[in-house]
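Positions 13 to 332 (my numbering) are the ones given, in order, by the sequence shown.
C-beta: ideal position from N, C-alpha, C; glycine also.
Keep in mind that this is a model prediction, so the values were computed, not measured.
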Amino acid sequence: MTTPNNRLKVLAEKYQAGLCTPEEFKKIREWYDSFETEGYPLPEEPEIKRAAEEATVRAIRHIATTQKTARVKKLWIPVLKIAAILVVIVSAGLLLINNYPRPKLAWQQVSTAAGVKKQVTLPDGSLIQLNSSSVVEFPQQFGKASREIKLKGEAFFTVVHKPEHPFIVHTRHLNIQVLGTSYNIRAYNDDTNTEIAVATGKVGVSGNAQKNNNVFLLTPGQQLIYNSNTKHFEKTILPITDIGSWQQNVLSFNMETLDNISKRLSKVYGVTFVFKSKSLLKKRFQIKVKNESLPNILKLLSISGGDFPYHISGKQVTIG
């Protein structure tokens, strides 16, 4: 069961990773405002500097344990004031904007068919390279507080740096937030895994469900894989040259199951797979090809997998 203490702990971690939404910044401010702090002066400047690195997280966690304002000791009041000042300084613009009603945004959708790639330019100048069988939705004009879009499928993002306007990508299971960087997201609805890989800059990733509230910070060369069946996160290292290499028609499979590989090939070549032998679905392969035809890829997989039989008939591939 989620407790107030757990919720505050998650919020503190999100703040530390730079993932707080304007609403969450407002919540932190409201918690601070609930304390009767009149009559307690701020500490001297050296004390503020000393506490700056840790005040916010410590204060929020302390609030979670005390629950009632009457039980807060005077010793903590200066720390709470420091935490509030840090939050306000970092997010003053977001908090001010949040006080005004937000106009409804007109959204547009761009999609790609199997075997088709497309470049999309967003209203802020950020670029999206959209992979096959993918859909991206975004407003015709971004709001004042943040830049938010939705993705189903795979895309490589090159985001214009705007520290005051976080760039947030919403997928089925995860939210990915940056200020300005380049990274790849693979989040097809029919895939078990959601994958985020960073080429430049830093990327924050958080779950978008109550039971999936982990927070991660990724740096160049790091990849985060989330398995929606097991609810498990895995951090791995990738060569930066491999991140988004599908844009150069490279297909790379690193010990992936034939089940996952067939789903990728379906999206790239517009075919459907039929497996007569279900045991082959879990067989794993490691291959990397560029500008290769589907028949040659299937031949390579067959040789690597013990010469399993396969047949191509129009848009259908039968294996086993």
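Item, Value
"Inter-residue Cα distance where the pair is Q328 and S144", "18 Å"
"Integer-rounded CB distance, given that F179 should sit under 8 Å from R159", "5 Å"
"Buried or exposed (CB count within 10 angstroms, at least 16 for buried), K279", "buried"
"Element boundaries [alpha helix (DSSP H), containing Y281]", "L270 to Y281"
"Residue range of the unbroken alpha helix (DSSP H) whose run includes I180", "From DSSP, I180 is part of no alpha helix (DSSP H) but of the beta strand (DSSP E) over F179 to H182."
"Cβ pair count under 8 Å reaching 3, the region 283-293 against the region 230-240", "no"
"Closer than 7 Å: A126 CB and nearest the ligand COA heavy atom", "With respect to the ligand COA, the structure shown offers nothing to examine, as it has no ligands at all."
"Residue nearest to G127 in terms of C-alpha spacing, selected from S325, L142 and N187", "L142"
"Buried versus exposed, by CB contacts within 10 Å (16 or more), T248", "exposed"
"Same chain, Cβ closer than 8 Å to H185, neighbours up to 5 away in sequence not counted", "A199, T206, G219, N220, A221, N224, Y238 and S240"
"Candidates N201, T231 and I161, of which the one nearest V215 by Cα", "T231"
"From D136, L139 and K130, residue whose alpha carbon lies closest to that of S146", "K130"
"Where the alpha helix (DSSP H) through S316 begins and ends", "L306 to S316"
"Burial state of Q153 (16 or more Cβ within 10 Å)", "exposed"
"Residues that DSSP places opposite L191 in a beta bridge", "Beta-bridge pairing links L191 to no other residue."
"For K300 and S264, believed in contact at Cβ under 8 Å, the rounded distance", "4 Å"
"Residues near P251 in its chain [Cβ-Cβ closer than 8 Å; skip 5 each side]", "G233"
"Three-state secondary structure (DSSP) of I252", "helix"
"Alpha-carbon to alpha-carbon, N201 and L293", "19 Å"
"T133, enclosing beta strand (DSSP E) - first and last residue", "K130 to T133"
"G213 to T253 span [Cα, whole Å]", "15 Å"
"Exposure label - S194; buried when at least 16 CB within 10 Å", "buried"
"Cβ-based neighbour list, A167, same chain, cut-off 7 Å, excluding 5 preceding and 5 following", "I140, Q141, L142, N143, S146, V148 and I197"
"Span separating the alpha-carbon of D347 from that of E176", "Lying outside 13 to 332, the shown extent of the chain, residue 347 is not represented and no answer is given."
"As assigned by DSSP and simplified to three states, the class of K174", "coil"
"Own chain, CB closer than 7 Å to T204, minus 5 neighbours either side, in chain order", "N239, S240 and N241"
"Delimiting residues of the beta strand (DSSP E) encompassing K300", "R296 to K302"
"Pairwise C-alpha distance: V190 and I324", "43 Å"
"Residues of its chain near A268, where Cβ-Cβ distance is below 6 Å and the 5 sequence neighbours each way are ignored", "Note that residue 268 is Glu in the sequence shown here, rather than Ala. Taken in chain order, the list of residues that qualify is empty."
"T284, enclosing beta strand (DSSP E) - first and last residue", "T284 to F287"
"Distance, S257 Cα to K302 Cα", "9 Å"
"As assigned by DSSP and simplified to three states, the class of K290", "helix"
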